Structures are given as C-alpha cells and as structure tokens.
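In this note's numbering, the protein residues as written are 658 to 808.
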C-alpha cells in the first residue's frame with residue numbers, strides 16, 4: 658500500500674509539472690495531497706491497532722508509527738504546495754474528493770471493508786455521489802477559479 662501511494666503521488670506530481678494550466682497543476686497537486694492524507698488515515702488505523710495489541714513500547718519500536726509521521730508531514734506539505742500554486746477552490750476540491758475516495762479504496766483492499774448493503778444505503782450513497790459531483794461541477798465553473806488580469 659505504501660509503495661502504491663508513493664508511486665501514485667509521484668505520477669500525480671509528474672503530471673502536474675507537465676500541465677500548462679495553473680488550475681490543472683493545482684488540482685493534480687491537490688489529488689496528491691489527498692492521496693497522502695488517505696495514506697495517513699490507513700497508517701493511523703495500523704498504529705492504533707498496534708498500540709492496542711502490543712502497547713506503547715511495541716508501537717515505538719516498529720516502523721508504522723514513523724511512516725505515519727512522515728506520511729502526515731508529506732501530505733501537509735503537498736496541501737500547502739497545492740494551496741500556494743494556484744486556485745484555492747481547485748486545490749480544496751481535489752483534496753476533498755481524493756481523500757475519502759482513496760481512503761475507502763484502501764479500506765476495501767486492506768481491511769476487507771465492504772460497502773453498506775441494502776436499498777437505503779444504496780440510495781444514500783447515490784445521493785452522496787450526486788452531491789459530490791454537483792459540488793465539483795459548480796466549483797469547476799465557479800468565477801473564483803478565474804484569475805483576473807491586471808491589464
């Protein structure tokens with residue numbers, strides 16, 4: 658999982674560097690930050706479980722607690738890079754969407770989390786997805802994304 662996250666962040670940052678528009682670069686950097694935050698969430702679960710089962714000494718002597726700190730630091734730095742490199746709405750939208758989506762994906766792959774079953778859950782997930790898509794579309798066409806020219 659850590660290798661996949663590192664590779665994904667690297668690919669996103671490489672793609673961001675190759676984009677001519679500031680908004681696209683900002684959004685890709687925001688997705689990289691969201692990936693970092695989702696990795697931090699997974700490592701938090703791992704460290705908490707390790708602390709609960711092995712105690713504080715076992716936690717401090719094993720690598721996940723240090724990976725957690727590094728992951729949080731990298732995610733925070735990527736978020737600051739995204740915020741400072743362009744449009745705040747583009748960066749925030751990318752992080753806000755990427756973090757929960759990737760967190761759910763990591764949970765499904767690593768912790769055998771299953772989506773909720775039943776008609777009510779399906780309806781709620783559909784409405785939530787529609788709300789996310791609507792919010793992303795509204796932000797994508799928001800006039801705040803346009804940088805006014807000083808000419």
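Glycine included, C-beta positions come from ideal geometry on N, C-alpha and C.
Since this is a predicted model, take the numbers as computed values, not measurements.
DSSP three-state assignment for residue 720, whether helix, strand or coil: Locating residue 720 in the chain shown gives position 63, where the first residue counts as 1. Residue state, collapsed to three classes: coil.
Pair within 9 angstroms by beta-carbon distance, residue 662 and residue 695: Looking up residue 662 in the chain shown gives position 5. Looking up residue 695 in the chain shown gives position 38. In this structure, residue 695 lies closer than 9 angstroms to residue 662 by Cβ.
N-terminal and C-terminal residue of the alpha helix (DSSP H) that residue 757 is part of: By one-based count along the chain shown, residue 757 stands at place 100. Taken as a continuous stretch (DSSP letters only), the alpha helix (DSSP H) holding residue 757 covers 745-767.
Residue 668 versus residue 687: straight-line alpha-carbon distance, rounded: As a working mapping, residue 668 is identified with position 11 in the chain shown. As a working mapping, residue 687 is identified with position 30 in the chain shown. Taking the straight line from one Cα to the other gives about 13 angstroms.
Helix, strand or coil at residue 772 [DSSP, three-state]: As a working note, residue 772 is residue 115 in the chain shown. DSSP places residue 772 in coil when its eight states are reduced to three.
Beta-carbon gap between residue 748 and residue 733 smaller than 9 angstroms: Your numbering for residue 748 matches position 91 in the chain shown. Your numbering for residue 733 matches position 76 in the chain shown. Taking 9 angstroms as the Cβ cut-off, residue 748 and residue 733 do not qualify as a contacting pair.
Through-space distance from residue 691 to residue 754, alpha-carbon basis: Against the chain shown, residue 754 aligns to sequence position 97. Against the chain shown, residue 691 aligns to sequence position 34. Their Cα atoms are separated by approximately 8 angstroms.
Alpha helix (DSSP H) segment containing residue 674, residue limits: Position 17 of the chain shown, counted from the first residue, corresponds to residue 674. Residue range 659-674 is occupied by the alpha helix (DSSP H) that includes residue 674.
The region 717-731 / the region 762-769 touching (three or more Cβ pairs under 8 angstroms): no
CA nearest to the CA of residue 683, picked from 790, 799, 718 and 750: For the purposes of this step, residue 683 is taken as residue 26 along the chain shown, with counting starting at 1. Out of 790, 799, 718 and 750, 750 has the C-alpha closest to the C-alpha of residue 683.
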